[in-house]
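Chemist: Here my numbering is used: position 270 in the sequence shown is 576, and no number is missing along the way.
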Amino acid sequence: MEILQRPDEMQQWVRGQRRSGACIGLVPTMGFFHDGHLSLMRLAAQHADTVVVSLFVNPTQFAPNEDLDRYPRDFERDMLMLRREQVAAVFAPTPELMYPPGFQTEVRVQHLTKYLCGRTRPHHFAGVTTVVTKLFNIVQPDVAVFGEKDYQQLAIIRRFVTDLNLPIRIIGGPIVREDDGLAMSSRNANLDRSHRASALSLSTGIGLARDLYRQGERKAMTIATAVQRHILSFPHTSIDYVSLIDSRNLDPVEQVDVHTMLALAVHIDGKVRLIDNGLLVPIKKEE
Ligand code: PAF
């Protein structure tokens, strides 16, 4: 497995792969891998001959009051985990290599970025779309795989890839959960035992919304209020949003149906912000 740091080295390596006719798959990550990341790498390997993983904790998608410094990192552990996967190369640049002095360009999606996570993190998605554009230009993948836990991010990436005519197929990988339902996230490493118990309010909140739907409830407001009460009944929780949206375009809905998704963002102890989502009528294996 190649470990490359400089954008020009990465571009050169990938040019060599392309010359031999390989289809390139990219999995962009911020590291501190868990089974969710590994599932994205395995999905990429199903769609590409050569899998490249990027590992970069992108500072421009964090606001000054957010957890950039506390974001879990362990490069050696990550490399050990990658060596067991079908990953041909890792692109792990430094912030200085990605944003050299004089850098001043931004890629921004207008509408989709204003709601859900974009309401309380107004600069977050411009940071994401700008860094992902750079990663696409550096790695030049045919296929790129992103997790569905960041459902809004995935929708925004699909949008700019279409809008900018980028010849890259975007694939979403299903959420991977712990046995008790907690969606896997690198940030879970920052939860102590009691905070982790409170983090279960998200997945059980999705379960509650599904139960209400099964019992015939169709008013979004009633389901959202029940889920909010449920989350706040756990200690240490505060809600960023509990939203019922149309999974096809992220628009908020008043009446729920089979396309409705519950999207959640919850702060645990004011320090760890977790997101999760689920369709009210889940695809079979997720239930
Ligand atoms: O989802 C993430 O880990 C990040 O937002 C991404 C896509 C790697 C961009 O920094």
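Quick reminder that beta carbons are idealized off the backbone N, C-alpha and C, glycines included.
1. Taking the alpha carbon of P378 as the reference point, which residue from I574, P558, R554 and S491 has its own alpha carbon closest?
2. With 16 as the cutoff for other CB atoms within 10 Å, does E593 come out buried or exposed?
3. Name the two residues that bound the continuous beta strand (DSSP E) containing Y547.
4. At a threshold of 8 Å, does F452 count as lining the ligand PAF (C-beta to nearest heavy atom)?
5. Taking the beta strand (DSSP E) that T566 falls in, what are its first and last residues?
6. Looking only at DSSP bridge pairs, what is T335 linked to?
7. Less than 8 Å between the CB of D380 and some heavy atom of the ligand SAM, yes or no?
8. What's the call for P407, buried or exposed, on a 16-neighbour Cβ count within 10 Å?
9. In terms of residues, what are the limits of the beta strand (DSSP E) holding E308?
10. Out of L472, I481 and H429, which one is the CA nearest neighbour of F452?
11. Does the count of Cβ pairs from the region 454-465 and the region 394-411 closer than 8 Å reach three?
12. So which of P313, L538, V548 and A526 has the shortest CA-CA distance to P399?
13. Tell me the residue span of the alpha helix (DSSP H) that contains A350.
14. What is the DSSP secondary structure of D469, reduced to helix, strand or coil?
15. Kindly give me the distance between the Cβ atoms of A515 and L586, rounded to whole angstroms, as I take these residues to be in contact under 8 Å.
16. If I measure Cβ to Cβ from D575 and keep anything under 6 Å in the same chain, skipping five residues before and after, which residues do I get?
17. Using the Cα positions of R324 and S504, report the straight-line distance between them to the nearest angstrom.
18. Let me confirm a value: H343 is counted as buried when at least 16 other C-beta atoms fall within 10 Å, else exposed. Which label applies?
19. Starting from N583 and walking both ways along the beta strand (DSSP E), at which residues does that stretch end?
20. Under 6 Å Cβ to Cβ from H573, same chain only, skipping five residues before and after it: list those, please.
21. Output the residue ranges of the alpha helix (DSSP H) runs that lie fully inside the region 483-535 and measure 4 residues or longer, sorted by chain position.
22. So, V445 versus M307, is the Cβ gap smaller than 9 Å?
23. Under the criterion of a Cβ to heavy atom distance below 8 Å, does F362 qualify as lining the ligand PAF?
Modeler: This is what the structure gives:
1. With respect to the C-alpha of P378, the residue from I574, P558, R554 and S491 having the closest C-alpha is S491.
2. Since pLDDT at E593 reaches only 46, below the 50 mark, its modelled position is unreliable, and no value is offered.
3. In the DSSP assignment, Y547 falls within the unbroken beta strand (DSSP E) covering T543 to D552.
4. With a cutoff of 8 Å, F452 counts as near the ligand PAF, since its C-beta is closer than that to a heavy atom of the ligand.
5. Looking at the DSSP string, the run of the beta strand (DSSP E) that includes T566 is T566 to I574.
6. The secondary-structure analysis by DSSP pairs T335 across a beta bridge with L361.
7. By its list of ligands, the structure shown excludes the ligand SAM, since it contains just the ligand PAF.
8. Burial call: exposed.
9. Run containing E308: E308 to L310, per the beta strand (DSSP E) assignment.
10. Comparing Cα positions, the closest option is I481.
11. Verdict: no, contact absent.
12. Comparing Cα positions, the closest option is P313.
13. For A350, the enclosing alpha helix (DSSP H) covers residues D341 to H353.
14. Helix, per DSSP.
15. About 6 Å; that satisfies the 8 Å criterion.
16. Around D575: H501 and H542.
17. Straight-line spacing of the CA atoms in R324 and S504 works out to 47 Å.
18. The residue in question, H343, is buried, as its Cβ has 16 or more Cβ neighbours within 10 Å.
19. The continuous beta strand (DSSP E) containing N583 extends over residues V578 to L585.
20. Spatial neighbours of H573 in its own chain (CB-CB distance under 6 Å, excluding positions within 5 residues in sequence) are listed in chain order as S544 and R579.
21. With a minimum length of 4 residues, the continuous alpha helix (DSSP H) runs that stay inside the region 483-535 are 499-520.
22. At least 9 Å separates the beta-carbon of V445 from that of M307.
23. Result yes, Cβ under 8 Å from the ligand PAF.
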